[in-house]
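What follows is a single structure, written as structure tokens, with notes after it.
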Amino acid sequence: MATALVIENDPTDDLRRLGEWLTEGGLELRVVRPHAGDALPDDLAGYAALVVLGGDQQAYPLADDSPGAPWFPALEGLLRKAVRHRVPTLAICLGAQLLATAHAGRVERSPSGPEIGPTVVGRRDAAETDPLFRYVPLMPDVLQWHADEITELPHGATLLAASTRYPHQAFRLGDRAWGLQFHIECDTAMIAEWSRDSATLAELGYDPELVVAACDRAMADVEEAWQPFAIRFAALALGELGDDSNRRSLPLLGA
């Protein structure tokens, strides 16, 4: 069985539902937790895919010019190797921002302010020919929890989804690396944990209980859109995702 390397940047943002979907798709998962002292591998030899999760850190340098976390330079190096060697890669929220900065994109504190809670994003025309996004609904439900923004995509990146306030919601680098600014992995318990004593929610004047309830109502819609996406990603990593001739053999509606 093929193994995906999963980088967990923050103990409060683990694989949750995404892990279940990738396992359902046939991948074994090896989780590395650099926040807990785990060492990152030097390369991706032996791995069929790379998954990079989110976190509370920032993808751009701190005020003293140090990285947002000590392992970020090495992680950006892994992301560059993944794109160069065409290792299927899925990067979420902070992970997507690191995928961008690793390839000379720009991430900054968003002038639009934090984006939190259930929203929809709009699929772009380029998604029609994308091996994963072409089956995503035109306006899929997502969960948002970020204050930083990818303000410039890397040169050559393909924009796949956008929204009015945050134009770079999803993109692809090369033909096998995807960055999602939004979250698809969360369950309600994770959102509840993030909402507890959240300075960002207090800053926005949001009631934490209402945020959790709104996200909970969106969970089924998020799963309907993104469980098939995750299974298609697993199929790509396993070498089972062919061209148009294989479209009918893979799940379209999450059944």
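Start counting the sequence shown at 62; every next residue gets the next number (the numbering used here). Quick reminder that beta carbons are idealized off the backbone N, C-alpha and C, glycines included.
> Can we say the stretch 251–260 touches the stretch 79–98, given the rule of at least three CB pairs closer than 8 Å?
Replying inline: no
> Taking all protein chains shown into account, do 16 or more other C-beta atoms lie within 10 angstroms of the C-beta of A188, making it buried, or fewer, making it exposed?
Replying inline: Taking the sequence shown and counting its residues from 1, the one referred to as residue 188 is at position 127. Around the Cβ of A188, a 10 Å sphere holds 16 or more other Cβ atoms; the residue is buried.
> Roughly how many angstroms separate the alpha carbons of V67 and E89, rounded to a whole number?
Replying inline: Within the sequence shown, residue 67 is the residue found at index 6, counting from 1. Within the sequence shown, residue 89 is the residue found at index 28, counting from 1. Those two C-alpha atoms are separated by around 10 Å.
> So who's on the other strand from W255, going by DSSP bridges?
Replying inline: As a first step, residue 255 must be located in the sequence shown, where it is residue number 194. Per DSSP, none; premise fails for W255.
> So the alpha helix (DSSP H) W321 belongs to, where does it begin and stop?
Replying inline: Any question about residue 321 goes unanswered here, given that the chain covers just 62 to 316.
> Any idea which residues DSSP pairs L151 with across the strands?
Replying inline: Residue 151 sits at position 90 when you count from the first residue of the sequence shown. Per DSSP, V112 and W239.
> Nearest-angstrom Cα distance between V112 and A298?
Replying inline: Here residue 112 refers to the residue found at position 51 when the sequence shown is read from its first residue. Here residue 298 refers to the residue found at position 237 when the sequence shown is read from its first residue. As the crow flies, the alpha-carbon of V112 is around 11 Å from that of A298.
> T261 CB to nearest chain C CB: under 9 Å?
Replying inline: Checking the listed chains, one finds no chain C in this structure; it contains a single protein chain.
> Applying the criterion that 16 or more other CB atoms from any shown protein chain within 10 Å of the CB defines a buried residue, is H146 buried or exposed?
Replying inline: As a working note, residue 146 is residue 85 in the sequence shown. Exposed, by the Cβ-count rule.
> When burial is assigned at 16 or more other CB atoms within 10 Å of the CB, is D305 buried or exposed?
Replying inline: Indexing the sequence shown from 1 puts residue 305 at position 244. With a pLDDT of only 47 at D305, under 50, the local geometry of the prediction cannot be trusted, and the value read off the model is given with reservation. By the 10 Å Cβ count, D305 comes out exposed.
>> For V93 and D99, what's the separation of their Cα atoms in angstroms?
In response: Within the sequence shown, numbered from 1, the residue matching residue 93 stands at position 32. Within the sequence shown, numbered from 1, the residue matching residue 99 stands at position 38. Computed Cα separation, rounded: 6 Å.
> Closest to R235 by CA distance: which of A218, P289, A263 and L151 is it?
Replying inline: In the sequence shown, residue 235 corresponds to position 174, counting from 1. Residue identity check: residue 235 is Gly in the sequence provided, not Arg. Among A218, P289, A263 and L151, the Cα nearest to that of G235 belongs to A218.
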